[in-house]
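From first to last, the protein sequence lines stand for chains A and B. In terms of this note's numbering, the first sequence has 80 at position 80, counting the first letter as 1, and numbering is strictly consecutive. In terms of this note's numbering, the second sequence has 70 at position 70, counting the first letter as 1, and numbering is strictly consecutive. We treat Cβ as the ideally placed atom computed from N, Cα and C, and that holds for glycine. Being a predicted model, the structure only gives us computed values, none of them experimental. All remarks here apply to the structure that follows.
Number of protein chains: 2
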Amino acid sequence: MDAQDAAAPRTSLLDSYERGNVMAAACPSRAVLSHMTSRWGVLVMVALQEDTHRFSALRRRIGGISERMLAQTLQNLEGDRLVHRHALDTVPPHVEYSLTPLGREAAAHLAALTGWIEDNLPRISGSESDLS
Amino acid sequence: MDAQDAAAPRTSLLDSYERGNVMAAACPSRAVLSHMTSRWGVLVMVALQEDTHRFSALRRRIGGISERMLAQTLQNLEGDRLVHRHALDTVPPHVEYSLTPLGREAAAHLAALTGWIEDNLPRISGSESDLS
DNA sequence: ATGGGTGCTTACATTTTTGTGGGTACTTAC
DNA sequence: GTAAGTACCCACAAAAATGTAAGCACCCAT
Chain A
1 MDAQDAAAPR TSLLDSYERG NVMAAACPSR AVLSHMTSRW GVLVMVALQE DTHRFSALRR
61 RIGGISERML AQTLQNLEGD RLVHRHALDT VPPHVEYSLT PLGREAAAHL AALTGWIEDN
121 LPRISGSESD LS
Chain B
1 MDAQDAAAPR TSLLDSYERG NVMAAACPSR AVLSHMTSRW GVLVMVALQE DTHRFSALRR
61 RIGGISERML AQTLQNLEGD RLVHRHALDT VPPHVEYSLT PLGREAAAHL AALTGWIEDN
121 LPRISGSESD LS
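Next up, the structure:
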């Protein structure tokens, strides 16, 4: 259907797996991308890159997130092996979330992005001068 | 309301503008972040980083995007000064989209991210082994 | 004994996003 | 003359994301 579906210059059948291609609609990389770049996914990754956090600490750190979305986002990222969940079996529940080695690599890119946005906000939406 | 709203250690009133803080719900950086990390925003930025594209070329390059969403995404990014729109006044309409210098900086981060995902897809959703 | 904190889940309602199909105005190709 | 390409916009509808409120099970401070 799409031209790029068949464009992978595969060398051997033994390649453990093929590289993803985000431009192809059906590529599984699209799902990973959407988890990481979802409204809360980015912020969770960045917060966890700063430090390991408990559920409620994350909730306080990330302004505006609801419990529901935090739980859902964490589960998506855990499913992609980016976030590690460590539950202590204590009587007031205690759960710590941290990045996996894989997650740390990914989070570095996300933190670079958010950092850039924070630094360059003035240049971006500085003033909506032209409405011509 | 949020603790981080008042946390800006502002030095002088003359600072042209303050730095953003993506963790604060009300910070304008959130809007920029959402434009760039929207479902199609990432892909548009990455595609434009490869090369200047016309509207319909972008549509073909980005698998699965509709005209409506492409137009909308481009307008958002243009509003954030990341994308430049150049319309030639020819009789079959001809419009070229490219990144602004600002957009190029941002796109570099996004391309790094998508590139990393493409490269590491096998490590990520390689096989959903543990469902314990 | 009442309220708050812990880490969630589920049902339900609302909001946001996205897709579909049509229209525009004009040109080139068949 | 009929279809297709260009770069969109618009109304409508469906789908997806998100919020709200409640519940659970148990503890501690007031």
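At a CB-CB cut-off below 8 Å, which residues of chain A make contact with residue i?
i               : result
Asp89 (chain B) : Correct list: empty, because the minimum Cβ distance to chain A is about 16 Å.
Arg19 (chain B) : Glu118, Asp119 and Leu121
Give the interface partners of residue i over in chain A, defined as CB-CB distance under 7 Å, in chain order.
i               : result
Asp80 (chain B) : Ile124 and Ser125
Compare the C-alpha of residue i against each of the options and name the closest.
i                : options                                  : result
Ser99 (chain B)  : B:Ser125, B:Asp51 and B:Thr90            : This sequence places Leu at residue 99 (chain B); Ser is not what is there. Of the listed residues, the one whose Cα sits closest to Leu99 (chain B) is B:Asp51.
Leu110 (chain A) : A:Met45, A:Val91 and A:Ala71             : A:Met45
His86 (chain A)  : A:Glu96, A:Gly79 and A:Glu78             : A:Glu96
Thr37 (chain A)  : B:Ser125, B:Leu113, B:Leu121 and B:Met69 : B:Leu113
Arg123 (chain A) : B:Pro28, B:Met23 and B:Ala24             : B:Pro28
Gln75 (chain A)  : A:Phe55, A:Ile62, A:Val91 and A:Ala107   : A:Phe55
Pro101 (chain B) : B:Val91, B:Leu77, B:Ser34 and B:Leu33    : B:Leu77
Arg61 (chain A)  : A:Gly79, A:Trp40 and A:Gln72             : A:Trp40
Ala107 (chain A) : A:Leu48, A:Ala24, A:Val22 and A:His35    : A:Leu48
Asp117 (chain A) : B:Asn120, B:Val83, B:Gly64 and B:Gly103  : The residue asked about is misnamed: residue 117 (chain A) is Ile in this sequence, not Asp. The option with the nearest alpha carbon to Ile117 (chain A) is B:Gly103.
Leu82 (chain B)  : B:Met69, B:Gly115, B:His35 and B:Leu121  : B:His35
Determine, for residue i, whether the minimum Cβ-Cβ distance to residues of chain A falls below 8 Å.
i                : result
Val32 (chain B)  : yes
His109 (chain B) : yes
Thr114 (chain B) : yes
Arg104 (chain B) : no
Pro28 (chain B)  : yes
Just grab the DSSP bridge partners of residue i for me.
i               : result
Leu99 (chain B) : B:Val83
His94 (chain B) : B:Leu88
For residue i, go through chain B and note every residue whose CB falls closer than 7 Å to its CB, in chain order.
i               : result
Ser66 (chain A) : Neighbours of Ser66 (chain A) on chain B: none; closest Cβ ~11 Å, over 7 Å.
With 8 Å as the threshold, decide whether the Cβ of residue i is near any Cβ in chain B.
i                : result
Met23 (chain A)  : yes
Arg59 (chain A)  : no
Thr37 (chain A)  : yes
Leu131 (chain A) : Low local confidence applies: a pLDDT of 34 at Leu131 (chain A) is under 50, so the model's placement there is unreliable, with the coordinate-based value given in what follows. Not closer than 8 Å to any Cβ of chain B, the Cβ of Leu131 (chain A) fails to qualify, so no.
Asp51 (chain A)  : no
Leu13 (chain A)  : Confidence at Leu13 (chain A) is low in this model, with a pLDDT of 46, below 50, so the placement of that residue is unreliable and no value is reported for it.
Helix, strand or coil for residue i? Go by DSSP, reduced to three states.
i                : result
Arg54 (chain A)  : strand
Glu18 (chain A)  : coil
Pro122 (chain A) : helix
Ile62 (chain A)  : coil
Met45 (chain A)  : helix
Ala71 (chain B)  : helix
Ala26 (chain B)  : coil
Trp116 (chain A) : helix
Ser34 (chain A)  : helix
Arg134 (chain B) : There is no way to answer for residue 134 (chain B), as the model of chain B reaches only from 1 to 132.
Using a C-beta to C-beta distance shorter than 8 Å, which residues of chain B count as neighbours of residue i?
i               : result
Leu43 (chain A) : Val22 and Met23
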